[in-house]
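What follows is a single structure, written as structure tokens, with notes after it.
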Amino acid sequence: MKVYETEKIRNIAFVGNKGVGKTSLLDALLFATGANTRIGKVADGSSMADYDPAEIKRKETIVTKIIPCEWKGYKINIIDTPGYADFIGEVQAGLAACDIAVVVVDGIGGVDIPTRRYVNYAIEAGKPLAFLINKCDSDRADVEKVFEAIRDQLNSHAVLVNAPIGRGASFKGVVDVIGMKAYISEGGKAKEADVPADVADKAKNYRTAILDAVAEGNEALMEKYLSGGELSADEIKTGFAKGVAIGQIAPVFTAAASAGIGTDAFLQMLTDWFPSPKDMPPVKAKNDAGQEESRSAGSSDQLSAFVFKATSDPGIGDVCFFRVWSGAVVHGDDVYNSTKRTSERMGHLFVMRGKNREEVEKIFAGDIACVAKLRATGICDTLATKAKSVIFDPIKFPEPMVSLAVFPKSKADSDKIGGGFSKLMAIDPTFKMHIDHEFNETIIAGIGEIHLELMLERLRERYGVEVEIGKPRIPYRETVKKTVKIQGKYKKQSGGRGQYGDCWIELSPRPVNSGFEFTNSIFGGSIPSKYVPAIEKGVRETMQKGTLAGYPVVDIKVDVYDGSYHDVDSSDMAFQIAGSMAFKLAEEQANPVLLEPIMNIEVTVPQNFMGDITSDIASRRGRVAGMDSVGDAAIVKAQVPLAELYKYSTTLRSVTSGAASHTMRFSHYEQVPAHISQKLVDEAKKAKEAPMVEKK
Numbered sequence: 008m009k010v011y012e013t014e015k016i017r018n019i020a021f022v023g024n025k026g027v028g029k030t031s032l033l034d035a036l037l038f039a040t041g042a043n044t045r046i047g048k049v050a051d052g053s054s055m056a057d058y059d060p061a062e063i064k065r066k067e068t069i070v071t072k073i074i075p076c077e078w079k080g081y082k083i084n085i086i087d088t089p090g091y092a093d094f095i096g097e098v099q100a101g102l103a104a105c106d107i108a109v110v111v112v113d114g115i116g117g118v119d120i121p122t123r124r125y126v127n128y129a130i131e132a133g134k135p136l137a138f139l140i141n142k143c144d145s146d147r148a149d150v151e152k153v154f155e156a157i158r159d160q161l162n163s164h165a166v167l168v169n170a171p172i173g174r175g176a177s178f179k180g181v182v183d184v185i186g187m188k189a190y191i192s193e194g195g196k197a198k199e200a201d202v203p204a205d206v207a208d209k210a211k212n213y214r215t216a217i218l219d220a221v222a223e224g225n226e227a228l229m230e231k232y233l234s235g236g237e238l239s240a241d242e243i244k245t246g247f248a249k250g251v252a253i254g255q256i257a258p259v260f261t262a263a264a265s266a267g268i269g270t271d272a273f274l275q276m277l278t279d280w281f282p283s284p285k286d287m288p289p290v291k292a293k294n295d296a297g298q299e300e301s302r303s304a305g306s307s308d309q310l311s312a313f314v315f316k317a318t319s320d321p322g323i324g325d326v327c328f329f330r331v332w333s334g335a336v337v338h339g340d341d342v343y344n345s346t347k348r349t350s351e352r353m354g355h356l357f358v359m360r361g362k363n364r365e366e367v368e369k370i371f372a373g374d375i376a377c378v379a380k381l382r383a384t385g386i387c388d389t390l391a392t393k394a395k396s397v398i399f400d401p402i403k404f405p406e407p408m409v410s411l412a413v414f415p416k417s418k419a420d421s422d423k424i425g426g427g428f429s430k431l432m433a434i435d436p437t438f439k440m441h442i443d444h445e446f447n448e449t450i451i452a453g454i455g456e457i458h459l460e461l462m463l464e465r466l467r468e469r470y471g472v473e474v475e476i477g478k479p480r481i482p483y484r485e486t487v488k489k490t491v492k493i494q495g496k497y498k499k500q501s502g503g504r505g506q507y508g509d510c511w512i513e514l515s516p517r518p519v520n521s522g523f524e525f526t527n528s529i530f531g532g533s534i535p536s537k538y539v540p541a542i543e544k545g546v547r548e549t550m551q552k553g554t555l556a557g558y559p560v561v562d563i564k565v566d567v568y569d570g571s572y573h574d575v576d577s578s579d580m581a582f583q584i585a586g587s588m589a590f591k592l593a594e595e596q597a598n599p600v601l602l603e604p605i606m607n608i609e610v611t612v613p614q615n616f617m618g619d620i621t622s623d624i625a626s627r628r629g630r631v632a633g634m635d636s637v638g639d640a641a642i643v644k645a646q647v648p649l650a651e652l653y654k655y656s657t658t659l660r661s662v663t664s665g666a667a668s669h670t671m672r673f674s675h676y677e678q679v680p681a682h683i684s685q686k687l688v689d690e691a692k693k694a695k696e697a698p699m700v701e702k703k
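Here is the structure:
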């Protein structure tokens, strides 16, 4: 691919709910720009963007793609992101690299809760917004209604820039209302034409709204506009681009991607009226001294680039996707990874067009490219010139909410599982793996069940590791409800030197979340002070497996206040054993109880599903803490035991047909109800540590 300078580059990201046609839109744009000989289809696996076998099987985008289109001397980097909530990390990576977030909205369903969610993601990422109403050729599509919903519910700065020509099955093109020219679709290709008479008045009204928005952003233009003067084409172009760049204008497009209608007008608007990277506000970074600096594509700043995505390619190894924010990078350059504080050699630079690579010699500020085989660089690293290095803030990826226990099927799988998971974590920051030492289990965690299903699929297909999955064991805790005083005495005599340790302890409950406290109240030297640490050690070790069900004991106080010793037979080990014996006896008599982790959950759901959600929460022993309304959405806040939340996201998706989302965070520990506690105690005694394994 040829080299493009900053002014000739545009960077957009398609975001939105699953099924709205983001990938279909990209395939239509690839056809319109000549990058493909036909419009690829997600449904039949011919999409140029969704080429991954897992995507073809699911007929869904699951990883973010960056595919450049070349159009009339411009390079448009289009970032296609998944619409499934499980892959929000991919969306956030794509947003980190774009200039404008284009929210794709279904022309039939209109503005829904997932659409609002993706708008919020873009806002949180600091990205200006544009919108595209898709599927305008459907008989049930209502462009005006959807546009009004966008303006009233999502962004008050929304202006329609492409007026539809025709409605439903008769939708055949769009009007560029700024340039007042029509694009009529014929055989999948658009032809410029005069604006049809039946659309002209509406188009003029939309144009007036745009001119109002352009003038509002500039005092001199406003004065000229209000005095009746005509804004020149250059004034409109400059004012419009600036308004888009700073979020004061949110253009709204119309299209029917599957039919290729509206794509040419969209491309022309991007190149004619949208800001280049030079026109965008500077990005913030920190220098070596920790001071804030700005980097801009329109300045003479030295190199600064950000790695926003990584993949592993069977042919060329690890690949980093990076956006150059200032300066430029050339094949063979030595650069400095200011995040890891190490040097890297930039090998072959290339862009991805579907599954195909196209090499490029130089990448200017504002452009996006790939490089393979960097030694230490990964996602969220900054590449810069060492003499004037900066570090960009990392992407704030969400924390995992769903966990599974995994068990290798064979010794060979056990040997490879750690390396496989490490490689998967390197390319997906929302996927985590750790060893739960309390239960000796390997735990994987992700955004949802579908996310984890995909990770295990990749583990099997890429690294040849087979696993069984199970429900992670719940980290229950034990505590006591009353104060007791108990003696622990260890005496052993078997010829020669014996063992003798004798201590009295008082075990008492402490407030929730206050932890463990050990005190020494011995008076008069009944136990030499040198043996007290051994008693504490015995207590602490025994606390790790309580007498009730084998869980760690928390929120207690142990005071050693008396005892006895033997000049010859006493030792650290004897008093450690005595402390352990005393604690076991004390816990048994101090009314031990089980505690369970309680999670704060927040569910965002359409109002008509609120009753179903609250009923489900109640069935999980949960307590609704509050409910808020935002438009036609309800936000339900509740506290639910972790033990009741296994595969909750699957249930939520089923109950609401995928319209709900939720977050989950640990809150506190709380006493387990008696009938459930007894069941857990009985199970612990029978099963010991045998996990409940479910076959895939």
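Start counting the sequence shown at 8; every next residue gets the next number (this note's numbering). All residues carry an ideal CB built from backbone N, CA and C; glycine is no exception.
query                                                                                                                                                                   : result
With R480 as the anchor, note down where its beta strand (DSSP E) starts and where it stops.                                                                            : Premise fails: R480 is in no beta strand (DSSP E) and is neither H nor E.
For A372, does the three-state DSSP call read helix, strand or coil?                                                                                                    : coil
Given a cut-off of 8 Å on the beta-carbon distance, is the pair A585 and I542 in contact?                                                                               : yes
Using the beta-carbon count (16 or more within 10 Å), is F530 buried or exposed?                                                                                        : exposed
Spatial neighbours of D320 within its chain, please: C-beta separation below 8 Å, excluding the five flanking residues on both sides.                                   : V326 and A379
Straight-line CA distance for E524 to A691?                                                                                                                             : 27 Å
I need the straight-line Cα distance from D341 to S350, nearest angstrom please.                                                                                        : 7 Å
On the criterion of 16 or more Cβ atoms from any shown chain inside 10 Å, does P518 qualify as buried, or is it exposed?                                                : exposed
Closest to T311 by C-alpha separation, out of G322, A170 and V337, would be which residue?                                                                              : For the sequence presented, residue 311 should be read as Ser rather than Thr. Nearest option by C-alpha distance: V337.
Which whole-angstrom value describes the C-beta separation of P296 and S333, a residue pair presumed to lie in contact below a C-beta threshold of 8 Å?                 : Strictly speaking, residue 296 in this sequence is Ala, with Pro absent from that position. That pair is no contact at about 18 Å.
Take the Cβ of F178 as the centre, count every other Cβ of all protein chains shown within 10 Å, and call the residue buried at 16 or more, exposed below.              : buried
For the candidate residues I402, D566, E475 and S571, whose alpha-carbon lies nearest to that of E131?                                                                  : I402
Which residues in the same chain have their Cβ closer than 6 Å to the Cβ of V567, if we skip the five residues on either side of it in sequence?                        : C510, I512, N527 and I542
Could you tell me which residues DSSP pairs with V526 in its beta bridges?                                                                                              : According to the sequence shown, residue 526 is Thr rather than Val. Bridge partners of T526: D566.
Sort out for me which residues DSSP pairs C377 with in a bridge.                                                                                                        : F328 and F357
Helix, strand or coil for T392? Go by DSSP, reduced to three states.                                                                                                    : coil
Could you give the first and the last residue of the continuous beta strand (DSSP E) run that contains F673?                                                            : S668 to Q678
Below 6 Å CB to CB, which residues in the same chain sit around Q494 once its five sequence neighbours on both sides are set aside?                                     : W511
Quick check on DSSP: helix, strand or coil for E513?                                                                                                                    : strand
With a threshold of 16 other CB atoms inside 10 Å of the CB of N704, please say whether the residue is buried or exposed.                                               : No information on residue 704 is available, as it lies outside the stretch 8 to 703 that the chain covers here.
Pull the bridge partners of V314 from the DSSP assignment, please.                                                                                                      : F329
Curious, which full-length alpha helix (DSSP H) runs of at least 4 residues does the stretch 448-494 contain?                                                           : 456-470
Beta strand (DSSP E) containing Q646: first to last residue?                                                                                                            : A640 to P648
Quick check: what's the CA-CA separation for P289 versus A148?                                                                                                          : 39 Å
Alpha carbon to alpha carbon, what distance is there between V153 and D623?                                                                                             : 32 Å
Hey, quick one: how far does the alpha helix (DSSP H) through P121 stretch, first residue to last?                                                                      : I120 to E131
Would V221 and I243 be called neighbours here (beta carbons separated by less than 8 Å)?                                                                                : yes
Any chance you could list the alpha helix (DSSP H) runs of at least 4 consecutive residues sitting entirely within the stretch 251-307, in chain order?                 : 270-280
Relative to the alpha-carbon of E97, which residue among N212, S636 and T71 has its alpha-carbon at the smallest distance?                                              : T71
G180 lies in the alpha helix (DSSP H); which residues open and close that run?                                                                                          : Where G180 is concerned, there is no enclosing alpha helix (DSSP H), although the beta strand (DSSP E) it sits in stretches over G180 to D183.
Measuring alpha carbon to alpha carbon, tell me which residue in L161, D562, R382 and L459 is nearest I69.                                                              : L459
Would you kindly work out how many angstroms separate the C-alpha atoms of Q685 and E464, rounded to a whole number?                                                    : 38 Å
For the alpha helix (DSSP H) that I584 lies in, which residues bound it at each end?                                                                                    : D579 to Q596
For the alpha helix (DSSP H) holding V221, just list the boundary residues, first then last.                                                                            : A204 to E223
Can you list, in chain order, the residues of its chain with a C-beta nearer than 6 Å to that of R352? Leave out the 5 residues immediately preceding and following it. : D341
Rounded to the nearest angstrom, how far is the Cβ of V259 from that of I217, given a contact under 8 Å?                                                                : About 10 Å separates the two Cβ atoms, so there is no contact after all.
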